[in-house]
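Enquirer: Structure in structure tokens, see below.
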Amino acid sequence: MTLTGELLIGGARVRATTGTMKAFNPATGELIEPEFAFGGSAEVDRALRLAGEAFDSYSHTDLADRAAFLDLIADKLEALKDELAERASLEAGLPVAQFEGEALRTADVFRKFAVVVRQGRFLQAAIDPAQPDRRPAPRMDHRLQKVALGPGVIFGASNFPISYSVAGGDTASALAAGCPVVVKAHNAHPGASEIQGRVIAQAVAEAGLHEGVFSVVRGVGNEIGEALVDHPLVRAVTFTGSEGGGMALYRRAQRRPDPIPVFTEMTSVNPTFVLPAALAARGAEIGGGLVQRAMYNVGQACLKPAILLAVDGPGFPELRDAATAEVEKVAARTMLTPGIHDSYTRNAQRMENGATRIGAGTAPTGAWDGQSTGEQLLAEPALREEVFGPAILLVRLTGTDQLLEVARAFRGQLSATMHAEAADRTAAEQLLPILERRTGRIVFNAFSIPQEVSYASTHGGPFPATSDSRFTSVGMGAVERFVRPVTYQNFPDEFLPQPLREANPLHLWRLVDGELSQR
Numbered sequence: 003m004t005l006t007g008e009l010l011i012g013g014a015r016v017r018a019t020t021g022t023m024k025a026f027n028p029a030t031g032e033l034i035e036p037e038f039a040f041g042g043s044a045e046v047d048r049a050l051r052l053a054g055e056a057f058d059s060y061s062h063t064d065l066a067d068r069a070a071f072l073d074l075i076a077d078k079l080e081a082l083k084d085e086l087a088e089r090a091s092l093e094a095g096l097p098v099a100q101f102e103g104e105a106l107r108t109a110d111v112f113r114k115f116a117v118v119v120r121q122g123r124f125l126q127a128a129i130d131p132a133q134p135d136r137r138p139a140p141r142m143d144h145r146l147q148k149v150a151l152g153p154g155v156i157f158g159a160s161n162f163p164i165s166y167s168v169a170g171g172d173t174a175s176a177l178a179a180g181c182p183v184v185v186k187a188h189n190a191h192p193g194a195s196e197i198q199g200r201v202i203a204q205a206v207a208e209a210g211l212h213e214g215v216f217s218v219v220r221g222v223g224n225e226i227g228e229a230l231v232d233h234p235l236v237r238a239v240t241f242t243g244s245e246g247g248g249m250a251l252y253r254r255a256q257r258r259p260d261p262i263p264v265f266t267e268m269t270s271v272n273p274t275f276v277l278p279a280a281l282a283a284r285g286a287e288i289g290g291g292l293v294q295r296a297m298y299n300v301g302q303a304c305l306k307p308a309i310l311l312a313v314d315g316p317g318f319p320e321l322r323d324a325a326t327a328e329v330e331k332v333a334a335r336t337m338l339t340p341g342i343h344d345s346y347t348r349n350a351q352r353m354e355n356g357a358t359r360i361g362a363g364t365a366p367t368g369a370w371d372g373q374s375t376g377e378q379l380l381a382e383p384a385l386r387e388e389v390f391g392p393a394i395l396l397v398r399l400t401g402t403d404q405l406l407e408v409a410r411a412f413r414g415q416l417s418a419t420m421h422a423e424a425a426d427r428t429a430a431e432q433l434l435p436i437l438e439r440r441t442g443r444i445v446f447n448a449f450s451i452p453q454e455v456s457y458a459s460t461h462g463g464p465f466p467a468t469s470d471s472r473f474t475s476v477g478m479g480a481v482e483r484f485v486r487p488v489t490y491q492n493f494p495d496e497f498l499p500q501p502l503r504e505a506n507p508l509h510l511w512r513l514v515d516g517e518l519s520q521r
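Note that my numbering has the sequence shown beginning at 3, numbered continuously upward.
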């Protein structure tokens, strides 16, 4: 595919209207051709007007046709995985193999959402039949299904150029729900974004859908983001990035005349708690294994296990030494953008102000591991904040009581992990309810990376991990962000949507008078 640098507004390719940029290779410092177009409020308005025009037809597509569309996107992504991975590698400065895997996983996500659409369970169809003879008052027929919210805006993320980008899980789940999508592509990987955007645009055309089902815009500064959030046709927004950026969008959306949901994924340190018996039995294994996972993507992953906490006692020296040895194997690698590197350098220094450095990688910009105490962690909230990049904090605790106190001090997290043995059961039972209040995913005797994309996945948590802990941005449940319930009362059967008709023509599982049924 020859990159043109154009914006994708519906089925049209649009040249620059407010400026251009070139991609930047963070590994070499070189600019990469071609020039990529910036748009502004006019392009945003055009894209969202098209999305509004597409909404009625796309949200009412047959489930089988919508699923086939998602499968088509998956096929096209898979066919271009090599080209996509090579371009992502150029723009991120990380190995091609990493992005080949990311491209395949992203294609698989579209296929999984195709299954979700075919099954129709996300509609949550429910039927309470009429009871004309009920006393003291009769009951009319009530039927419920979830319907698409409306056009969605997806902000691409910097750290995963494919899976959290133009063709990422946010886009897949919105399209599965029946929502047209306008993506604000991240400027860190414009070429990878164009490849993904053209793949989806081609699928839209081949499926015979309205061109407004999908658009990609790009811009600089706050203007384009504000225009997207402010547009009256937008019904939902997703964002993955910093707490400051996410909350700025969230607050802006709440100031609209008609506030809309903004689903942000922002910050998390994903603490790992090692209970005493597990520490004594597996300290070295846990310490080394955690560092290996934490250094994935040069520590630039939202699920990085960034803080390792253990009670000082048998196994602690082994855990510390294994973690230190693993850190010292880490060679310096390129970070995704100069801005991320600068932020990492500042925040790593902040961490070191409350910790003692006990290990470092092979160059100053490599991974390092600091050791702190429970007292310092409680006294200095900054130590409990995310350092995005290859940094880990090891915390030495005085006992189980302090471990529980520290657990209570954490803000909301995407995940939390406990390592425990049978002898740790009492402490584990005390820790578990604390973690349930703090996170959306609790890992036992494993690590927070990797994460499955499945029906049981949760990628969310209390603030500031996300802006709404009731939803997930990863897994099949992510579609719930883009739908809302509608009840149809006293409708003749022929006027009802197909999922709610008496004959159940789509053969869906439905809740009929309180009982699951496929009849």
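Note that beta-carbon positions come from the ideal geometry of N, C-alpha and C, so glycine has one too.
Taking the alpha helix (DSSP H) that THR326 falls in, what are its first and last residues?
Expert: Translated into positions along the sequence shown, residue 326 becomes position 324. Unbroken alpha helix (DSSP H) run through THR326: 318-330.
Enquirer: Tell me which residues share the same chain as GLY516 and place their Cβ nearer than 6 Å to its Cβ, disregarding the 5 neighbours each side in the sequence.
Expert: Your numbering for residue 516 matches position 514 in the sequence shown. Contacts found: none.
Enquirer: Mapping the DSSP letters down to three states, classify TYR490 as helix, strand or coil.
Expert: Position 488 of the sequence shown, counted from the start, is the residue given in the question as residue 490. TYR490: strand per DSSP, three-state reduction.
Enquirer: Of the choices GLN294, SER61, GLN520, whose alpha-carbon is the least far from that of PHE449?
Expert: Translated into positions along the sequence shown, residue 449 becomes position 447. Minimum Cα distance to PHE449 is reached at GLN294.
Enquirer: Could you check the C-alpha separation between ARG472 and ILE262 for me, to the nearest Å?
Expert: Translated into the one-based positions of the sequence shown, residue 472 becomes position 470. Translated into the one-based positions of the sequence shown, residue 262 becomes position 260. Computed Cα separation, rounded: 16 Å.
Enquirer: Go to LYS306, then tell me how far its alpha helix (DSSP H) extends in each direction, as first and last residue.
Expert: Residue numbering aside, residue 306 sits at position 304 when the sequence shown is read from its first letter. That residue, LYS306, is in no alpha helix (DSSP H); it is neither H nor E in DSSP.
Enquirer: Could you work out which residue in ARG237, GLU320, TYR60, ALA187 is closest to GLY42 when comparing CA atoms only?
Expert: Taking the sequence shown and counting its residues from 1, one reaches residue 42 at position 40. Cα-wise, what sits closest to GLY42 is ALA187.
Enquirer: Among ASN272, SER469, GLU228, whose alpha-carbon lies nearest the alpha-carbon of LEU396?
Expert: Here residue 396 corresponds to residue number 394 of the sequence shown, with the count starting at 1. Cα-wise, what sits closest to LEU396 is ASN272.
Enquirer: Can you tell me which of the three DSSP states LEU33 falls into?
Expert: Taking the first residue of the sequence shown as position 1, residue 33 is located at position 31. LEU33: strand per DSSP, three-state reduction.
Enquirer: How is GLN121 classed by DSSP in three states: helix, strand or coil?
Expert: Working through the sequence shown from its first residue, we reach residue 121 at position 119. Reduced to three states, the DSSP call for GLN121 is helix.
Enquirer: Just grab the DSSP bridge partners of SER469 for me.
Expert: As a position in the sequence shown, residue 469 is number 467, starting the count at 1. DSSP lists no partner for SER469.
Enquirer: Opposite GLN415 in the DSSP bridges: which residues?
Expert: As a position in the sequence shown, residue 415 is number 413, starting the count at 1. Its beta-bridge partners are THR441.
Enquirer: For LEU177, report the span of its alpha helix (DSSP H) as first-last.
Expert: Against the sequence shown, residue 177 aligns to sequence position 175. Looking at the DSSP string, the run of the alpha helix (DSSP H) that includes LEU177 is 171-179.
Enquirer: Would GLY193 and ARG107 qualify as a contact pair, given that the criterion is a beta-carbon distance under 8 Å?
Expert: As a working note, residue 193 is residue 191 in the sequence shown. As a working note, residue 107 is residue 105 in the sequence shown. Not a contact, by the Cβ cut-off of 8 Å.
Enquirer: Assuming LEU52 is part of the alpha helix (DSSP H), what are its boundary residues?
Expert: As a first step, residue 52 must be located in the sequence shown, where it is residue number 50. Unbroken alpha helix (DSSP H) run through LEU52: 43-61.
Enquirer: Assign GLY210 to buried or exposed, taking buried as 16 or more other Cβ atoms, counted over all protein chains shown, within 10 Å of its Cβ.
Expert: Residue 210 sits at position 208 when you count from the first residue of the sequence shown. Exposed.
Enquirer: Mind reading off the beta-carbon distance from PHE484 to ALA176? Whole number of angstroms is fine, and I expect it under 8 Å.
Expert: Locating residue 484 in the sequence shown gives position 482, counting from the first residue. Locating residue 176 in the sequence shown gives position 174, counting from the first residue. Contact flag correct, Cβ pair sits at about 5 Å.
Enquirer: Can you find at least 3 beta carbon pairs, one from the stretch 58-75 and one from the stretch 91-103, that sit closer than 8 Å?
Expert: They do not touch, by the three-pair rule.
Enquirer: Do the stretch 450-469 and the stretch 412-426 make contact, defined as three or more Cβ pairs closer than 8 Å?
Expert: Contact between the stretch 450-469 and the stretch 412-426 is present, because at least three Cβ pairs lie under 8 Å.
Enquirer: Which residue or residues does DSSP assign as beta-bridge partners of GLY154?
Expert: On the sequence shown, residue 154 is found 152 positions in, with the first residue counted as 1. VAL183, ALA238.
Enquirer: Please report the residue range of the beta strand (DSSP E) in which SER519 lies.
Expert: If you number the sequence shown from 1, residue 519 lands on position 517. Taken as a continuous stretch (DSSP letters only), the beta strand (DSSP E) holding SER519 covers 517-519.
Enquirer: Tell me GLU267's beta-bridge partners as DSSP assigns them.
Expert: Position 265 of the sequence shown, counting from 1, holds the residue named residue 267. DSSP, once it has assigned bridges, lists THR242, THR468 as partnering GLU267.
Enquirer: Any chance the stretch 157-169 sits against the stretch 234-248, with 3 or more Cβ pairs inside 8 Å?
Expert: Because the criterion of three Cβ pairs below 8 Å is met, the stretch 157-169 and the stretch 234-248 touch.
Enquirer: How about GLN147 and LEU502: do their beta carbons lie closer than 8 Å?
Expert: Taking the sequence shown and counting its residues from 1, one reaches residue 147 at position 145. Taking the sequence shown and counting its residues from 1, one reaches residue 502 at position 500. In contact: GLN147 and LEU502 (Cβ atoms closer than 8 Å).
Enquirer: For PHE112, tell me which candidate among GLN491, ASP495, MET478, ASN492 has the shortest Cα-Cα distance.
Expert: Along the sequence shown, one-based indexing puts residue 112 at 110. Of GLN491, ASP495, MET478, ASN492, the residue nearest in Cα terms is MET478.
Enquirer: Between which residues of its own chain and THR22 is the CB-CB distance below 8 Å, once the five residues before and five after are set aside?
Expert: As a first step, residue 22 is located in the sequence shown; it is residue number 20 there, counting from the start. Excluding sequence neighbours, THR22 sits near GLY7, GLU37, PHE38, ALA39, PHE40.
Enquirer: Examine the Cβ distances between the stretch 427-439 and the stretch 267-286 and report whether three or more of them are shorter than 8 Å.
Expert: The answer is yes - the stretch 267-286 touches the stretch 427-439, with three or more Cβ pairs under 8 Å.
Enquirer: Taking the straight line between their C-alpha atoms, what separation do you get for GLY13 and LEU50?
Expert: Position 11 of the sequence shown, counted from the start, is the residue given in the question as residue 13. Position 48 of the sequence shown, counted from the start, is the residue given in the question as residue 50. Each residue's alpha carbon lies about 13 Å from the other.
Enquirer: Going by other Cβ atoms of all chains shown within 10 Å of its Cβ, with 16 needed for buried, is ASP58 buried or exposed?
Expert: As a working note, residue 58 is residue 56 in the sequence shown. Counting Cβ neighbours within 10 Å, ASP58 comes out exposed, since fewer than 16 surround it.
Enquirer: From ALA279 to ASP426, what distance separates their C-alpha atoms?
Expert: Here residue 279 refers to the residue found at position 277 of the sequence shown. Here residue 426 refers to the residue found at position 424 of the sequence shown. Distance between the alpha carbons of ALA279 and ASP426 is about 6 Å.
Enquirer: So, helix, strand or coil for PHE40, using DSSP?
Expert: Mapped onto the sequence shown, residue 40 falls at position 38. Here PHE40 sits in coil by DSSP.
Enquirer: List the whole-angstrom C-beta distance separating SER217 from LEU10, where the pair is believed to meet the contact cut-off of C-beta under 8 Å.
Expert: Position 215 of the sequence shown, counting from 1, holds the residue named residue 217. Position 8 of the sequence shown, counting from 1, holds the residue named residue 10. That pair is a contact at about 6 Å.
Enquirer: Let me check understanding here. Comparing Cα to Cα, which of THR20, ARG220, ALA250 lies closest to SER167?
Expert: For the purposes of this step, residue 167 is taken as residue 165 along the sequence shown, with counting starting at 1. Measuring from the Cα of SER167, the nearest candidate turns out to be ARG220.
Enquirer: Helix, strand or coil: how does DSSP classify LEU74 here?
Expert: Along the sequence shown, read from residue 1 onward, the residue named residue 74 stands at position 72. Correct three-state label for LEU74: helix.
Enquirer: What is the DSSP secondary structure of TRP511, counted as helix, strand or coil?
Expert: Counting from 1 along the sequence shown, the entry for residue 511 is found at position 509. Here TRP511 sits in coil by DSSP.
Enquirer: Under a three-way DSSP split, which group does ARG295 fall into?
Expert: Locating residue 295 in the sequence shown gives position 293, counting from the first residue. ARG295: helix per DSSP, three-state reduction.
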